[in-house]
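All remarks here apply to the structure that follows.
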Amino acid sequence: MEDISITPSISNPKRLTNKNNGDEWYNYYAGFSDSFVREILKSLELPKEATILDPWNGSGTTTLNCALAGYNVIGIDLNPVMNIIAKSKFCDANDVFSALKIVKGLRVKCYPKHTLDKSDFLLHWFDFNTASYIRYISKFLQKKCKDISLSTVYSLIFLALFSLVRKYVGKFIASNPTWVKKSKLEDEKVSVNNNKIKSDLLDFINGKLSSTYIDKAATVGTEIFHCASSTNLPLENNSIDAIITSPPYCTRIDYGIATSPELGVLLGNFPKAIDELRRKLTGRTTIDKNEFKVNNVGPTANSILQEILEHDSHASSSYYYKNFAQYFIEIKNSLEQIKRVIKKHGYFVCVVQDSYYKEIYCDLATIFTEIAEANDLIFIHRQDFMSKFSMANINNKAKKYRDKMTANETVLVFQSK
750 MEDISITPSI SNPKRLTNKN NGDEWYNYYA GFSDSFVREI LKSLELPKEA TILDPWNGSG
810 TTTLNCALAG YNVIGIDLNP VMNIIAKSKF CDANDVFSAL KIVKGLRVKC YPKHTLDKSD
870 FLLHWFDFNT ASYIRYISKF LQKKCKDISL STVYSLIFLA LFSLVRKYVG KFIASNPTWV
930 KKSKLEDEKV SVNNNKIKSD LLDFINGKLS STYIDKAATV GTEIFHCASS TNLPLENNSI
990 DAIITSPPYC TRIDYGIATS PELGVLLGNF PKAIDELRRK LTGRTTIDKN EFKVNNVGPT
1050 ANSILQEILE HDSHASSSYY YKNFAQYFIE IKNSLEQIKR VIKKHGYFVC VVQDSYYKEI
1110 YCDLATIFTE IAEANDLIFI HRQDFMSKFS MANINNKAKK YRDKMTANET VLVFQSK
């Protein structure tokens, strides 16, 4: 790859309802559009043998579109649910038929009911019989396939199970999809007949026959998915040609809660594992018990931290200061990893969004730029798009501190020295 800078053609990264490949596959609220990825790819003019990484892969918009363009892709996400969803998008018609055959073989009446423990996460929303049947299906599939994210067939079945469970517990999901409530009373819990669950699974999977992406593509690059943290990428030094990604924003959104129905399906018989995962995700609302030092996060991040520390609102100098500091440290560590794995003259493209703490402005684009440049990533281009909707602004109490309720989504492009 030549040592040159580009002036990329960039479309608004905002997802458009029903116009995104992923929407018809699995409607995940976070992420960017297919058209954004395709346009960036054209601008980068990468060689066909290039490997493209998304270290915060989510539901896999980057990995899917880059693979369909013929590139080899690597998707990394600490949340195993997201890796399964991203992998499922690589199934073809034969995989759909194989998945249907497996689901048809599921028992409806004589299945092992002792698989459900009273602490099972699914019991937050479902009555015992419904939760027991869903747990039976999950354990049956995981026994057949030890690593679901390595199999398009089993990923597709889990995608169906994720989708149905999210649909069944819809009354517990608030207007903000990152807020998932739990039932307070036993009679609030959802009850679904076993035959209906199995029938719904078959209908969902059968419906994918007409919307598989792989069958329509001329060439498809190889795909690899890792369940790992962006702060410790399981990749060789200088092995990646380009990175296209969007990290969790600095908005104190709990992505573990956001996918709690899906995590309940996958790991609900180990509630401790779900809690541990929540406490590792970037942008989490929980605070690490270990002491941490704020070093090399850049002048803008340091200034924001000082303002939060001195703010007179409740818990600003304790919880909120630590929460923001924790986030900035993990972004710094992640950008150090990105610099380590990207090739000389490789490109790093990311979408970030600004936010506020009370009236304190968090210019995340500038923070990313300062940390990236400190790691020898050369700033090439910045483009801002106004977003009328921000998860952080759903809380009406925010209006007490400021009038502006819109946000800026910013596309940043860097090149490695």
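In case it helps, my numbering puts the sequence shown at residues 750 to 1166. The beta carbon of each residue, even a glycine, is placed where N, CA and C say it ideally should be.
Report the rounded CA-to-CA distance for residue i versus residue j, giving the unit in angstroms.
i, j, result
"residue 838", "residue 1055", "44 Å"
"residue 771", "residue 802", "Residue confidence is low: residue 771 scores 45 on pLDDT, short of 50, so the model does not pin down where it sits. Its coordinate-derived value is still stated next. One C-alpha to the other measures close to 18 Å."
"residue 991", "residue 790", "9 Å"
"residue 869", "residue 1019", "7 Å"
"residue 1143", "residue 926", "Note that residue 1143 scores a pLDDT of 49, beneath 50, so its modelled location is shaky; the value from the coordinates is reported in the next line. Whole-angstrom Cα-Cα distance: 11 Å."
"residue 944", "residue 857", "6 Å"
"residue 1128", "residue 902", "41 Å"
"residue 933", "residue 1025", "23 Å"
"residue 982", "residue 776", "27 Å"
"residue 1166", "residue 1125", "6 Å"
"residue 1036", "residue 1043", "14 Å"
"residue 978", "residue 1030", "8 Å"
"residue 1160", "residue 922", "30 Å"
"residue 1058", "residue 937", "42 Å"
"residue 916", "residue 924", "14 Å"
"residue 1131", "residue 1162", "6 Å"
Beta carbon of residue i, beta carbon of residue j: below 8 Å?
i, j, result
"residue 845", "residue 958", "yes"
"residue 1083", "residue 980", "yes"
"residue 1104", "residue 971", "no"
"residue 835", "residue 806", "yes"
"residue 1077", "residue 1101", "no"
"residue 804", "residue 782", "no"
"residue 905", "residue 825", "no"
"residue 1109", "residue 1080", "no"
"residue 849", "residue 951", "yes"
"residue 997", "residue 1004", "yes"
"residue 1156", "residue 1136", "yes"
"residue 1087", "residue 786", "no"
"residue 882", "residue 833", "no"
"residue 759", "residue 798", "no"
"residue 865", "residue 884", "yes"
Along the chain, where does the alpha helix (DSSP H) that runs through residue i open and close?
i, result
"residue 815", "810-817"
"residue 1076", "1070-1090"
"residue 1161", "Run containing residue 1161: none in the alpha helix (DSSP H); it sits in the beta strand (DSSP E), 1156-1165."
"residue 901", "901-917"
"residue 944", "943-956"
"residue 852", "842-853"
"residue 1024", "1020-1027"
"residue 1110", "Residue 1110 -> not in any alpha helix (DSSP H); beta strand (DSSP E) instead, spanning 1109-1111."
"residue 897", "Where residue 897 is concerned, there is no enclosing alpha helix (DSSP H), given that its DSSP letter is neither H nor E."
Should residue i go down as buried or exposed, given a rule of 16 or more other Cβ atoms within 10 Å for buried?
i, result
"residue 831", "buried"
"residue 1099", "buried"
"residue 863", "exposed"
"residue 1158", "buried"
"residue 821", "buried"
"residue 935", "exposed"
"residue 1068", "exposed"
"residue 1010", "buried"
"residue 1164", "buried"
"residue 859", "exposed"
"residue 1112", "buried"
"residue 986", "exposed"
At which residues does the beta strand (DSSP E) containing residue i begin and terminate?
i, result
"residue 989", "989-994"
"residue 821", "821-825"
"residue 973", "972-975"
"residue 879", "Looking at the DSSP string, residue 879 is not in any beta strand (DSSP E); the run it does join, the alpha helix (DSSP H), is 877-893."
"residue 1128", "1126-1136"
"residue 1104", "1104-1106"
"residue 803", "800-803"
Under a CB-based cut-off of 8 Å, is residue i close to chain C?
i, result
"residue 1018", "No chain C is present in this structure, which holds just one protein chain."
Can you find at least 3 beta carbon pairs, one from the region 1060-1071 and one from the region 962-978, that sit closer than 8 Å? no
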